[in-house]
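Notes to accompany the following structure.
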Amino acid sequence: MMATYCTAVDINGQKYSVPKNLPPNTCLGDFIRDHAHLKGTKLSCREGACGACVVSARLYDPVLKKENIVSVNSCLLPVYSCLGLQITTVEGLGDKRRGYHAIQERLAKYNGTQCGFCSPGFVTSMYSLLEKNPIPYTQDVEDLFDGNACRCTGYRSILDAMKSFATSDKTKVQIRTLPAGSNGCLKIPNDGVWYHPSNIQELYTIMKEKQDLKTRLVFGNTSTAIFKFDGPYDVYIDLKGVAEMFEYQIEDKLSFGANVSLAHLISILSNLKNHSAYRLIANHVQTIATTHVRNVGSWAGNLMIKYYHNDFPSDLFVIFECIGAALVIGDAPTGTTQSVHCEEFLKLDMQNKVLLKMVFPPIFSPTAKYNSFKVMPRAQSAHAYVSGAFLAEVDERDNCKVLTKPSIVFGGLSLKFIRAKKTEQYLVGQKLADVKVFQAAVNQLSQEIVTEDNLHMVSSVYRKQLALNLFYKYVLSVIPKHKINPRYWNASGFIERPMSSGKQTYDTIKSEWPLNQPISKIEAKSQCSGEAEYIPDIVRPPGTLYGAFVISTLGNAEIVNMDASDALKMPGVLAFLTHKDIPGKNICVPMARSFFYPESEELFCSGNVLYAGQSLGLIVAERDDLAKEASRRVKVDYKSLGPPVLTIKEALKHPARVKVENMYAINEGDVDKAMANAKNKISGEIEMGTQFHFHLETQVCLTIPTNEGFTVYPSTQFSDGTHAVVAQVLGVNRSSVHVEMRRLGGAYGGKISRNFHTSSACALASQVFNKPVYVQMDLNTNLEMLGSRKPFLAQYEVGFDDNGRLEAVKMIFTMDYGCHFNDPAIFLTVEFSKNAYTCPNWSVLPQVVRTNLPVNTYCRTPGSIKGVFVIETIMEHIAKVLNKVPIDMKCVNMPIETNNDLYSPGLRDIISQLKVSAEFEKRLKLIADFNKGSAWKKKGITIVPIKYDVGFYNAVFNVTVSIFNDGGSVQVAHGGIECGQGINTKVAQVCAYTLGVPLELVVVLPANTFINPNSSPTVASTTSEINCLAVSECCKILVKRIQPIRDAMENASWEEIISACIDKRIDLCARFVTGSPLNLPKKYVIYGATCAEAEVDGLTGEAQISRVDLLYDCGQSLSPEVDIGQIEGSFVMGMGMFLLEKAKFDFETGRNMSNSTWEYYLPTTKDIPVDFRVTMLKNSKNSTGVLKSKTAGEPPLCMSCSVLLAVQQAMHEFRKDNGEHSWVPMNSPSTRDKIALACNVRTEKLVF
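Using full-length UniProt numbering, read the sequence shown as starting at 1 and increasing by one per residue.
Here it is in structure tokens:
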């Protein structure tokens, strides 16, 4: 058959030719967005970890020898390696015009979207599965989304939506038979840079011809997820056409060609039933990367990453080295091959060589005992802290005698230590089931292990102990169960995670619908179809230029010289703008807002570098990728002013960096006297680290020059602040600047003031060139340049009686504001420091410190979470000292009456309800029994109450409501920003309810600074309420105007009434402005309680939140489904803060070392509570709130401290087994390494 040459990519059934002049590393995602002009596919991390870019690919699969459909990361695949593929994006599934796909409908129906930026990736991921399995197994759905991140929802609603397509009955699973396809009629031409060989001989020929050029062999290209700056390369060779490298063999010797993907490797090994080792290897490979990466990444590619980057934690290397797999290497110049083992492979010169296949040795005899383990920072999609693989020939009949030299291999300890060769030698002929032999082996292993420390690793103490514990787990898995004490049985494996589940309970009053009606967000379907437009999706005018920040690499320094000559030599690079190019003020905070911004912040550093990551200038170029590449070529010389100060404790050593905030201090009673007289006293300290906002839509802005000045499209929560800063920097009146904002792809406080840099720099470049300019930070720059949640230190001393009643409380709070004392939050921490408790003698001294970090800023519950966590920790500490159940002691310290609202129950009633619904007493006993019978897995349970004061602080918002002469359709323009919190949905429901019209008639417009001038930011979860109030008032004005016409036209329809109003020239446009204490809701209180249960593996530090019961007083919710989503999403974000999200900084330079998805770990779908039950309090009304409602966006995050306190309960159980009964604090975040070290596993206790 004659070959057909292919130079195009099929996207949604339409062929798009790929131009030859694209940069050779152009990714498929950029091509989809910029050339096919399909904006539903989002680009966020560009590291293959967030899933926003996922599309579905249909291709001929040489392993299956038929067509296959897989989900892929379009941010990683080069478009030149996608020629001939059939790609389906979210637009290809359905839209408003053609009708929505069932997946889009289902995700919207289940309230699975909030900001919606991640939704298209979830949809296309599920589509890829359903195209192969129309009715998939439920567990397959649960496993599918390890590469899809959502910061908003908490995942439960998404999983429920997707599992609604599945079955838990394996006999009902349906698998579609895909067509055979073709493997020989497609030929991709070589273009001088990209080459597409069809067999090994062609590959060798190309490699020989190009042997003097820098060449990259490409299969899945997934290594760029981590090592994105490898290169540049002169030649790219696509291996996907080399048929021989897809071959595998299961007869005789098991072997796999280099092009066998990780997904296929898992599938093939899982189906081999002749030894359990194959399934165990497959299970381990399942933990590598993500589903979308495994679909296209090959095992050979994984090993090549290890070859080029020896510090890469390759699990495959550990496994293959353990089992003695042989790697077959081809030499292009000679055409010969050689076979080596993994450790030898790392020492080879791979120039002009290629990895061809891997051969398993015939090792898995009936006496062979294999197991491997991986301990990582979260449940899935993360690199290993430590991985271990073990293989031994064991005679079970002879007390597990080791017959031959075993294999003991580790990853993550040291580049110098891979195999435990001395321990291997010792074990030959020894009997593993003899505890003395095992202890001797552990001692030998302990002496043999070599560890090393670097900023990317957790402590060497933890990793060494973890290696010993993994060896212990292996031995337990080998020894017959009847020879093991039952207390140790469950230690051989990890904590098993059941299927996720959830339950949501709330009231709804049908007579008041559409108010209080449980509906999906009004934008949900457009978000699920990719139709919802975000700032990066706005069509950019021809000639648009692009900007990229140049940031400092050293903190606490002076700039000696900046040299942009190498960058400016690049064709298409136009300028490097610095502080000298600013016509207005080099200040990027609104100067008029002095309470929030008492100090000026520079847009571009003028000489004194305060922190690593500070913006030094902006490169302007003709392409986005070109601007970012050029920004890395700007050379900066620094003069260090000393080591950067990066922590609170270090800052406290420098008085000039400390500011005491006496105005917020609490001084009640005589604390010193009461403390001196108290029978019982405790003291301690608690630290809380930062938390990155991690909005998937990074900071972005588009500025377009107009006749009147500039139209600015920023991703901001604070349009008025952006308005002011842009005018300030440009040196123009604010009337020359128009700011428009439709929606945000996530925010969480990170876009209140931290978008000012991006917007003002973008506008400056637009002014300089008089052209449209687009600036979007890449994720790494976003995380390095801009601040995050403010770190915090609390020191406390507490006196109490034998019943646990507080007699004296003394606190010192210290908050890290970063390099400027802006975005104040310490007063909020003081305000929430009591939570629901009383004490006659209470003092709080608040202070703030200045460090060499970016300005730390507001992040969801910026101050309240700290106050609540500290006092809850104190209460747990007291309960531990008195040996009491914490919630009983907490109730002792609550006032008798905790609620003055007659329409809502008090906190004690809520706790009582929760105890019953959560079966607290029963579970408390079950957990006690479990802990007695289990040595290395323990459980903990606790209840955290919440008293959350909500105020409105004179917030200014303008709202306009207009009714049109077309039958009475309605438009609403309000001052809030849709961040995913559902403000538009609530506004529309309130409008429809107040006017008495169908919800479908109401349309909500984007916010802008003309309709909403001089506004407040969208913050503190109160903006929805305030704007709903203003909409209600507008509608009341309109109803009053319409009423005479309605009275005169009895039984007339809405359309007829509006038509008559138009005839009578009645003004059908109303405006209302909030801001006066007279027209804002009164302050109110939210009560709630959470019961959290955790299970901890003391050998690894793994912590699983087994169940969460959350009871929350939402008043009479304006929109129950929206509020449920806010509660769940807020809680899970808090879980991330307390258990996962650790930021690391280089103490020499101050650089953020957690500036990527592979170094900073958000919660994933398997890090949420296994069983998540949310109840909104029934029969509750907020008598002072907006239409009887209460907010839901922030208080649940405060309630999430319950998960860490439950983990702490379990941790203390481990220590109790050691005879240690003292209190051990747990800081935030308590990552798995911290939990394990707190459990204090002792090597001598590793027995069976």
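By construction, the Cβ of each residue, glycine as well, lies at the ideal position given by its N, Cα and C atoms.
**OP:** Grab me the residues of Val359's own chain with a C-beta within less than 6 Å of its C-beta, minus the 5 sequence neighbours each way, in chain order.
**Re:** Here the set comprises Lys253, Ser255, Ala326.
Original post:
Under a three-way DSSP split, which group does Asn371 fall into?
Top reply: Strand at Asn371.
**OP:** Indicate whether Ser387 and Ser372 have their beta-carbon atoms separated by less than 9 Å.
**Re:** In this structure, Ser387 sits near Ser372, with a CB-CB distance shorter than 9 Å.
**OP:** Report the three-state DSSP secondary structure of Leu1237 (helix, strand or coil).
**Re:** Per DSSP, reduced to three states, the secondary structure at Leu1237 is helical.
Subject >> Beta-bridge partners of Asn667, as assigned by DSSP >> reply: Asn667 pairs with Ser843.
Subject >> DSSP-derived helix/strand/coil call for Ser157 >> reply: Ser157 carries a helical assignment under DSSP once its states are collapsed to helix, strand and coil.
**OP:** Mind the definition here: the region 1161-1173 touches the region 373-383 only if three or more C-beta pairs lie below 8 Å; say whether that holds.
**Re:** Contact between the region 1161-1173 and the region 373-383 is present, because at least three Cβ pairs lie under 8 Å.
**OP:** Drop a sphere of 10 angstroms on the beta-carbon of Ser615, count the other beta-carbons inside from all chains shown, and report buried for 16 or more, exposed for fewer.
**Re:** It is buried - the Cβ of Ser615 has at least 16 other Cβ atoms within 10 Å.
Original post:
Hey, how far is the Cα of Thr423 from the Cα of Tyr385?
Top reply: In a straight line, the C-alpha of Thr423 is about 22 Å away from that of Tyr385.
Original post:
Any chance the region 774-789 sits against the region 691-700, with 3 or more Cβ pairs inside 8 Å?
Top reply: These segments touch.
**OP:** Helix, strand or coil for Arg789, going by three-state DSSP, please let me know.
**Re:** Here Arg789 sits in strand by DSSP.
Subject >> Counted within 10 angstroms of its Cβ, other Cβ atoms place Pro120 as buried (16 or more) or exposed >> reply: The residue in question, Pro120, is buried, as its Cβ has 16 or more Cβ neighbours within 10 Å.
Original post:
Which residue or residues does DSSP assign as beta-bridge partners of Asn931?
Top reply: The partner list for Asn931 (beta bridge, DSSP) is empty, contrary to what the question assumes.
**OP:** Give, in chain order, every unbroken run of the beta strand (DSSP E) that is at least 3 residues long and sits entirely within the region 958-1029.
**Re:** Counting only runs of 3 or more, we get 958-963, 970-973, 1002-1004.
Subject >> Three-state secondary structure assigned by DSSP to Lys431 >> reply: Assignment of Lys431 by DSSP, reduced to helix, strand and coil, places it in the strand class.
Original post:
By DSSP, does Glu1141 sit in helix, in strand, or in coil?
Top reply: Secondary structure at Glu1141: coil, using DSSP grouped into helix, strand and coil.
Original post:
Do Asn852 and Ala612 have their C-beta atoms closer together than 9 Å?
Top reply: Judged by beta-carbon spacing, Ala612 lies within the 9 Å limit of Asn852, meaning their Cβ atoms are closer than that value.
Subject >> Integer-rounded CB distance, given that Val739 should sit under 8 Å from Arg805 >> reply: Actually they do not touch by this definition, with Cβ atoms about 54 Å apart.
Original post:
Does the beta-carbon distance from Asp191 to Lys15 come in below 9 Å?
Top reply: No, the Cβ-Cβ distance between Asp191 and Lys15 is not below 9 Å.
Subject >> In DSSP terms, what His738 is bridged to >> reply: Answer is Thr711.
Original post:
Helix or strand or just coil, what does DSSP make of Gly184?
Top reply: Its pLDDT being 46, under 50, Gly184 is placed unreliably in this model, and the coordinates cannot settle the point.
Original post:
Counting only runs that start and end within the region 199-265, where is the beta strand (DSSP E) found for 3 or more residues in a row?
Top reply: DSSP runs (the beta strand (DSSP E)) wholly in the region 199-265: 215-218, 235-238, 255-257.
Original post:
Alpha carbon to alpha carbon, what distance is there between Thr451 and Ala467?
Top reply: Computed Cα separation, rounded: 10 Å.
Original post:
So does the region 409-416 actually touch the region 315-323, counting three or more Cβ pairs closer than 8 Å?
Top reply: Yes: at least three Cβ pairs fall under 8 Å.
Original post:
Do you know offhand how far Leu618's Cα is from Ser565's?
Top reply: Cα to Cα, the separation comes out at about 14 Å.
Subject >> Of the residues Lys1188, Glu872, His456, the one placed nearest Lys1083, counting alpha carbons only >> reply: The residue with the shortest Cα to Cα distance from Lys1083 is Lys1188.
Subject >> Candidates Phe1145, Gly1136, Glu1050, Phe1172, of which the one nearest Arg1107 by Cα >> reply: Comparing C-alpha distances from Arg1107 to each of Phe1145, Gly1136, Glu1050, Phe1172 shows the shortest one belongs to Phe1172.
Original post:
Any contact of the region 509-516 with the region 65-85, i.e. 3+ C-beta pairs under 8 Å?
Top reply: Inter-segment contact for the region 509-516 and the region 65-85 is absent: fewer than three beta-carbon pairs are separated by less than 8 Å.
Original post:
Using a Cβ-Cβ cut-off of 7 Å (strictly less than) and excluding sequence neighbours within five positions of Asn803, which residues of its own chain qualify?
Top reply: Within its own chain, the residues whose Cβ lies closer than 7 Å to the Cβ of Asn803, once the five positions on either side in sequence are excluded, are Val892, listed in chain order.
Original post:
Who are the Cβ neighbours of Ile11 in its own chain at under 6 Å, not counting the five residues just before and after it?
Top reply: Apart from sequence neighbours up to five positions away, the residues of its chain that approach Ile11 with a beta-carbon distance below 6 Å are Ala36, Ile87, ordered along the chain.
**OP:** Give me the Cα-Cα distance between Lys1181 and Gly1115, rounded to the nearest whole angstrom.
**Re:** Going by the C-alpha atoms only, they are around 4 Å apart.
Original post:
Under the rule that 16 or more other beta-carbon atoms within 10 Å means buried, what is Phe229, buried or exposed?
Top reply: Around the beta carbon of Phe229, fewer than 16 other beta carbons lie within 10 angstroms, which makes this residue exposed.
Original post:
Which same chain residues, not among the five before or five after Pro840, have their C-beta less than 6 Å away from its C-beta?
Top reply: Excluding positions up to five away in sequence, the list reads Gly669.
**OP:** Give the secondary structure of Cys82 by DSSP, where H, G and I count as helix, E and B as strand, and everything else as coil.
**Re:** If DSSP states are grouped into helix, strand and coil, Cys82 belongs with coil.
Original post:
Quick one: what does DSSP say Phe1172 is sitting in, helix, strand or coil?
Top reply: The answer is strand: DSSP assigns Phe1172 an E or B state.
**OP:** With a cut-off of 8 Å on the beta carbons, I'd call Ala225 and Ala49 a contact; round off their distance for me.
**Re:** With a Cβ gap of about 7 Å, Ala225 and Ala49 count as contacting.
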